[in-house]
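Asks:
There are 2 protein chains.
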Amino acid sequence: MGQGSGGREWIAEKIVQLFDKSVLKPLRAGKVPLFEMLARTRDNVYIDQELQVIRLGSKKVKRRLNDVEEAKTFMRTVLVAAIIYEAIKHNKYPTIRDVFYDAKHTIPGTDIDTVNEQSESDSIIEDLEVMLGTSREEMGLQTDVKCKVVGLMRVRSGRDVIDCSRQGEGGAYTPPSNVDRLEFLDVNAEYVLVVEKDAVFNTLNMERYWEKNKCILVTAGGQPDRPARRLVKRLNEELGLPVYVLTDADPYGFYIYSVYRIGSITLSHESVRLACPKARFIGVTVSDIYEYKLPKNVIIKAKEADVKRARELKGYPWFQSPAWQRELDLFLERKEKAEIEALSSKSLGFLEDKYLPEKISSGHFII
Amino acid sequence: MGQGSGGREWIAEKIVQLFDKSVLKPLRAGKVPLFEMLARTRDNVYIDQELQVIRLGSKKVKRRLNDVEEAKTFMRTVLVAAIIYEAIKHNKYPTIRDVFYDAKHTIPGTDIDTVNEQSESDSIIEDLEVMLGTSREEMGLQTDVKCKVVGLMRVRSGRDVIDCSRQGEGGAYTPPSNVDRLEFLDVNAEYVLVVEKDAVFNTLNMERYWEKNKCILVTAGGQPDRPARRLVKRLNEELGLPVYVLTDADPYGFYIYSVYRIGSITLSHESVRLACPKARFIGVTVSDIYEYKLPKNVIIKAKEADVKRARELKGYPWFQSPAWQRELDLFLERKEKAEIEALSSKSLGFLEDKYLPEKISSGHFII
Chain A
249 MGQGSGGREW
259 IAEKIVQLFD
269 KSVLKPLRAG
279 KVPLFEMLAR
289 TRDNVYIDQE
299 LQVIRLGSKK
309 VKRRLNDVEE
319 AKTFMRTVLV
329 AAIIYEAIKH
339 NKYPTIRDVF
349 YDAKHTIPGT
359 DIDTVNEQSE
369 SDSIIEDLEV
379 MLGTSREEMG
389 LQTDVKCKVV
399 GLMRVRSGRD
409 VIDCSRQGEG
419 GAYTPPSNVD
429 RLEFLDVNAE
439 YVLVVEKDAV
449 FNTLNMERYW
459 EKNKCILVTA
469 GGQPDRPARR
479 LVKRLNEELG
489 LPVYVLTDAD
499 PYGFYIYSVY
509 RIGSITLSHE
519 SVRLACPKAR
529 FIGVTVSDIY
539 EYKLPKNVII
549 KAKEADVKRA
559 RELKGYPWFQ
569 SPAWQRELDL
579 FLERKEKAEI
589 EALSSKSLGF
599 LEDKYLPEKI
609 SSGHFII
Chain B
249 MGQGSGGREW
259 IAEKIVQLFD
269 KSVLKPLRAG
279 KVPLFEMLAR
289 TRDNVYIDQE
299 LQVIRLGSKK
309 VKRRLNDVEE
319 AKTFMRTVLV
329 AAIIYEAIKH
339 NKYPTIRDVF
349 YDAKHTIPGT
359 DIDTVNEQSE
369 SDSIIEDLEV
379 MLGTSREEMG
389 LQTDVKCKVV
399 GLMRVRSGRD
409 VIDCSRQGEG
419 GAYTPPSNVD
429 RLEFLDVNAE
439 YVLVVEKDAV
449 FNTLNMERYW
459 EKNKCILVTA
469 GGQPDRPARR
479 LVKRLNEELG
489 LPVYVLTDAD
499 PYGFYIYSVY
509 RIGSITLSHE
519 SVRLACPKAR
529 FIGVTVSDIY
539 EYKLPKNVII
549 KAKEADVKRA
559 RELKGYPWFQ
569 SPAWQRELDL
579 FLERKEKAEI
589 EALSSKSLGF
599 LEDKYLPEKI
609 SSGHFII
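Read top to bottom, the protein sequences are chains A and B.
In the numbering used here, each number is its position in the first sequence, counted from 1, plus 248.
In the numbering used here, each number is its position in the second sequence, counted from 1, plus 248.
Next comes the structure, spelled out in structure tokens:
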């Protein structure tokens, strides 16, 4: 295997161990092969109060070879694990969709396919994340990466060192799926600003906000992908940099903030690796709409879906702070929202020249 | 204004000249101020046979101040041009949405807003592109940029030089909106491979396809943004690099190819700057599905929308080559499609180790 596998040897070894324990040993002993893992179900999810992340409980599920219901999942687990093992062995980095297609076979003598939908192989990949104690990114599996970074740090990645402050006029560095392989060097930033919107990130980057304000800018263009979340968490926890999240003043923006901070229930098994519980919300808050006296004609009437989502957020454990409850109550009372760019109605550059510096120097954040 | 405006002084001067000619001079002469420009309408679009791009015809439109219908557009033009002028003067790089919000005012004494929807200010920005002979990117206006690049070249951007072959393990360089400011250095690539899908780009990048095959990889994750199109065109025309486009074998993929090659009618005024008429389609072709004997269970039944789109493409002037007509006829006959990743059903790495090298060495492309 050697160096070619990009630091994935240990995962290949874990797959061998898993097969040994779950398949070979039972077979030799005349027992039924089975995979056992923590259940990734809603009823097996709890909030770790100390770490402030969503975690899996202790409920386990089994995939037995001799159970009619479980046999197909057992077979899929063997198939997908073998593909990942082969990928590591041959220094391949397939996409999760490649894995689906590579796993898809018609079982000889039947018209039954091993997998029908990508969700089936994806689910097995998540099982393997839990059983192997790793992530699909570390396994080398590829997905879309929307994350971009620019600012006062350098990162070592393989043989290269990328200077995130030398990306030219408005260019940026896009990290790989597996940001765990990045080594942070020469970090001269005082904080990390996570920007919901790609275009707003580009404005701040063109104006070298990160240089003037000694920070690192990150975006993932909306709903964050896993590399963006893992990167932000690492910057926060390994380097002690405060993380501030900037989104639109609407429940969808607040939800995006909560994904960075806590994660989503569907990815709860990854929450320990991805959630950044110390991430703070810098705005735009609902109160900002009125405190900064945004003109009436840039304020948008909330839709029914916004109101519904705000009511949901209000019940989430991680929105129980008095500050968040006030914000959500204010939203539900006024039923109005505003975008980050609405600040430009005050003047061009209001966001970067006034709003952000004011918020940061006053320490006016919500958590 | 000075150096701070990022090379945009000439645009500010052109705005002054435009105002002088269209507003001040007529006013001084007791005439009606008006803006005049080429019409960006469907009936004023033709295909330039020599350049093989969509162009605007000679039909002009006027925006007069004293016409009830046109006065609002006239006013908006003045407003948006003034915002862009101010942005250049103060070294600002607003998003097109910032421009919308900055332009939005309630006209005093009325309940009429200067602009109601972003499409209105966007349309004025397009008018200004035509009147000023520039692009919104050169004006410094920001949008989302999904484009990523990696491969055997370096680019100079402002004070920095970015080495696109030193982006680490699977990282990439994201160019700014205005790729015209990039200077290409040390290009050692033999071709440009444009990859429709971001995740497939990441696989090829992780496996250093660009190094093994001496090329430059570009993606824009689906429908290309303007920076991706402009970059690909520049690499093709300034450096003489062949451009190959890799998409799914379906009418949506073929359409994405056609956007790189020709452009879209709605952006016809930008086609001369953005279209890359020499871009060739490397695949996945409809014939590939059968020639490479993809297993039946990875071939997808076409939807009604696919069939409808294929029929449209068949009529487009830039799909009239015998090769494209054959492909579209085959699709319409079989009504089947396949994704790039379906090649992984042959074996992991089939795309990068066999399919692409075979296509490139055999010169088997469609145009």
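For each residue, glycine too, the CB sits at the ideal point set by N, CA and C.
Model, not experiment: these values are computed from the prediction.
Using 10 angstroms around the beta-carbon of Asp291(B), count the other beta-carbons present and answer buried if the total reaches 16, otherwise exposed.
Replies: Position 43 of the second sequence, counted from the start, is the residue given in the question as residue 291(B). Counting Cβ neighbours within 10 Å, Asp291(B) comes out exposed, since fewer than 16 surround it.
Asks: How about Arg582(A): is its C-beta nearer than 9 Å to some C-beta of chain B?
Replies: Locating residue 582(A) in the first sequence gives position 334, where the first residue counts as 1. Not one chain B Cβ lies under 9 Å of Arg582(A).
Asks: Please list, in chain order, all residues of the same chain as Ser506(A) whose beta carbon is under 8 Å from its beta carbon, the five residues on each side excluded.
Replies: Start at 1 with the first residue of the first sequence, and residue 506(A) comes out as number 258. Result list for Ser506(A): Leu561, Tyr564, Trp566, Phe567, in chain order.
Asks: Per DSSP, Lys310(B) forms a beta bridge with which residues?
Replies: Counting from 1 along the second sequence, the entry for residue 310(B) is found at position 62. Looking at the DSSP assignment, Lys310(B) forms a beta bridge with Glu284(B).
Asks: Give the DSSP-derived three-state secondary structure of Arg407(B) in the structure shown.
Replies: Taking the second sequence and counting its residues from 1, one reaches residue 407(B) at position 159. Reduced to three states, the DSSP call for Arg407(B) is coil.
Asks: Use the C-beta contact count for Glu444(B): other C-beta atoms within 10 angstroms, 16 or more gives buried, fewer gives exposed.
Replies: As a working mapping, residue 444(B) is identified with position 196 in the second sequence. Its Cβ being crowded by 16 or more others within 10 Å, Glu444(B) is buried.
Asks: Gly469(A) by DSSP, collapsed to three states: which one?
Replies: The residue given as residue 469(A) occupies position 221 in the first sequence. Coil, per DSSP.
Asks: Listing by chain order, which chain A residues have their CB less than 8 Å from the CB of Asn545(B)?
Replies: Within the second sequence, residue 545(B) is the residue found at index 297, counting from 1. Neighbours of Asn545(B) on chain A, chain order: Lys352, His353, Thr354, Asp361.
Asks: What do you reckon, are the CB atoms on Glu438(B) and Asn461(B) nearer than 9 Å?
Replies: Within the second sequence, numbered from 1, the residue matching residue 438(B) stands at position 190. Within the second sequence, numbered from 1, the residue matching residue 461(B) stands at position 213. Yes, Cβ-Cβ distance for Glu438(B) and Asn461(B) is below 9 Å.
Asks: What distance in whole Å lies between the Cβ atoms of Leu400(B) and Asn212(B), which are believed to be in contact at a cut-off of 8 Å?
Replies: Here chain B comprises residues numbered 249 to 615, so residue 212(B) is not present and cannot be evaluated.
Asks: Quick check on DSSP: helix, strand or coil for Asp375(B)?
Replies: Residue 375(B) sits at position 127 when you count from the first residue of the second sequence. Asp375(B): helix per DSSP, three-state reduction.
Asks: Does the segment 496-510 of chain B come close enough to the segment 575-591 of chain B to have 3 or more Cβ pairs within less than 8 Å?
Replies: Enough Cβ pairs lie closer than 8 Å, so yes.
Asks: Can you find a C-beta in chain A that's less than 9 Å from the C-beta of Gly250(B)?
Replies: In the second sequence, counting from the first residue as 1, residue 250(B) sits at position 2. In this predicted model, Gly250(B) has a pLDDT of only 42, less than 50, meaning its place in the structure is not dependable; the value taken from the coordinates is given anyway. Gly250(B) does not count as touching chain A.
Asks: To the nearest angstrom, report how far apart Gly250(B) and Asp268(B) are at their CA atoms.
Replies: Here residue 250(B) corresponds to residue number 2 of the second sequence, with the count starting at 1. Here residue 268(B) corresponds to residue number 20 of the second sequence, with the count starting at 1. Residue confidence for Gly250(B) is low, a pLDDT of 42 falling below 50, so the modelled location carries little weight and cannot support an answer.
Asks: Would you kindly work out how many angstroms separate the C-alpha atoms of Pro605(A) and Ile614(A), rounded to a whole number?
Replies: Within the first sequence, residue 605(A) is the residue found at index 357, counting from 1. Within the first sequence, residue 614(A) is the residue found at index 366, counting from 1. One C-alpha to the other measures close to 16 Å.
Asks: Kindly provide the ranges of any beta strand (DSSP E) runs that are 3 or more residues long and lie completely inside the segment 455-513 of chain B, ordered along the chain.
Replies: Counting whole runs of 3 or more residues, the segment 455-513 of chain B contains the beta strand (DSSP E) stretches 463-467, 491-494.
Asks: Check for me: the beta strand (DSSP E) holding Thr422(A) runs from which residue to which?
Replies: Taking the first sequence and counting its residues from 1, the one referred to as residue 422(A) is at position 174. Note, Thr422(A): beta strand (DSSP E), 420-422.
Asks: Taking only three categories from DSSP, how would you classify Ala319(A)?
Replies: The residue you call residue 319(A) lines up with position 71 of the first sequence. Residue state, collapsed to three classes: helix.
Asks: Please list the partners that Leu596(A) has in chain B, where partner means a Cβ-to-Cβ separation under 9 Å.
Replies: Counting from 1 along the first sequence, the entry for residue 596(A) is found at position 348. Simply Ile331, Glu334, Ala335, His338, Lys340, Pro342, Asp346, Val347, Asp350.
Asks: Rounded to the nearest angstrom, what separates Ala351(B) and Ile302(B) at their Cα positions?
Replies: By 1-based counting over the second sequence, the position of residue 351(B) is 103. By 1-based counting over the second sequence, the position of residue 302(B) is 54. Rounded to the nearest angstrom, the two C-alpha atoms are 31 Å apart.
Asks: Is Ser535(B) near the ligand FAD - that is, is its Cβ less than 8 Å away from at least one heavy atom of it?
Replies: Ligands displayed in this structure: none; no statement on the ligand FAD is therefore possible.
Asks: Just reading off the beta strand (DSSP E) that Leu441(B) is part of, what are its end residues?
Replies: As a working mapping, residue 441(B) is identified with position 193 in the second sequence. Note, Leu441(B): beta strand (DSSP E), 439-443.
Asks: May I ask which residues mark the beginning and end of the alpha helix (DSSP H) holding Glu257(B)?
Replies: For this step, residue 257(B) is matched to residue 9 along the second sequence. Start and end: 257-267.
Asks: Starting from Leu304(A) and walking both ways along the beta strand (DSSP E), at which residues does that stretch end?
Replies: Mapped onto the first sequence, residue 304(A) falls at position 56. Unbroken beta strand (DSSP E) run through Leu304(A): 301-304.
Asks: Assign Gln297(B) to one of three DSSP states: helix, strand, or coil.
Replies: Here residue 297(B) is taken as the residue at index 49 of the second sequence, counted from 1. If DSSP states are grouped into helix, strand and coil, Gln297(B) belongs with coil.
Asks: Identify which residue in Ser569(B), Thr321(B), Gly381(B), Met285(B) has its Cα closest to the Cα of Ser367(B).
Replies: Here the question's residue 367(B) lines up with position 119 in the second sequence. Closest option to Ser367(B), Cα to Cα, is Thr321(B).
Asks: Would you mind telling me which residues of chain A sit closer than 7 Å to Lys625(B), beta carbon to beta carbon, in chain order?
Replies: As shown, chain B starts at 249 and ends at 615. That puts residue 625(B) outside it, with no answer to give.
Asks: Give a yes or no on whether the minimum CB-CB distance between Asp392(A) and chain B is below 9 Å.
Replies: Mapped onto the first sequence, residue 392(A) falls at position 144. Yes - at least one Cβ of chain B is within 9 Å of the one on Asp392(A).
Asks: Taking 9 Å as the cut-off, decide whether the C-beta atoms of Asp370(A) and Leu596(B) are in contact.
Replies: Against the first sequence, residue 370(A) aligns to sequence position 122. Against the second sequence, residue 596(B) aligns to sequence position 348. No. Outside cutoff.
Asks: I'd like to know whether the C-beta atoms of Val448(B) and Ile344(B) end up nearer to each other than 9 Å.
Replies: Stepping through the second sequence from its first residue, residue 448(B) is reached at position 200. Stepping through the second sequence from its first residue, residue 344(B) is reached at position 96. Cβ atoms of Val448(B) and Ile344(B): not closer than 9 Å.
Asks: Run the CB neighbour count on Thr289(A), radius 10 Å, all protein chains shown included, and call it buried at 16 or more, exposed below.
Replies: Within the first sequence, numbered from 1, the residue matching residue 289(A) stands at position 41. Its Cβ having fewer than 16 others within 10 Å, Thr289(A) is exposed.
Asks: Within 10 Å of its beta-carbon, does Ser405(A) have 16 or more other beta-carbons around it, so buried, or fewer, so exposed?
Replies: Your numbering for residue 405(A) matches position 157 in the first sequence. Buried, because 16 or more other Cβ atoms sit within 10 Å of the Cβ of Ser405(A).
Asks: Taking the straight line between their C-alpha atoms, what separation do you get for Asn484(A) and Leu465(B)?
Replies: Indexing the first sequence from 1 puts residue 484(A) at position 236. Indexing the second sequence from 1 puts residue 465(B) at position 217. For Asn484(A) and Leu465(B), the distance between alpha carbons rounds to 32 Å.
Asks: For the segment 450-467 of chain A, which residues have a beta carbon sitting closer than 8 Å to at least one beta carbon of chain B?
Replies: Residues passing the 8 Å Cβ filter: Asn450, Thr451, Asn453, Met454, Glu455.
Asks: What number of angstroms, rounded off, separates the C-alpha of Val293(A) from the C-alpha of Asp411(A)?
Replies: On the first sequence, position 45 is the one that residue 293(A) refers to. On the first sequence, position 163 is the one that residue 411(A) refers to. Going from the Cα of Val293(A) to the Cα of Asp411(A) covers about 40 Å.
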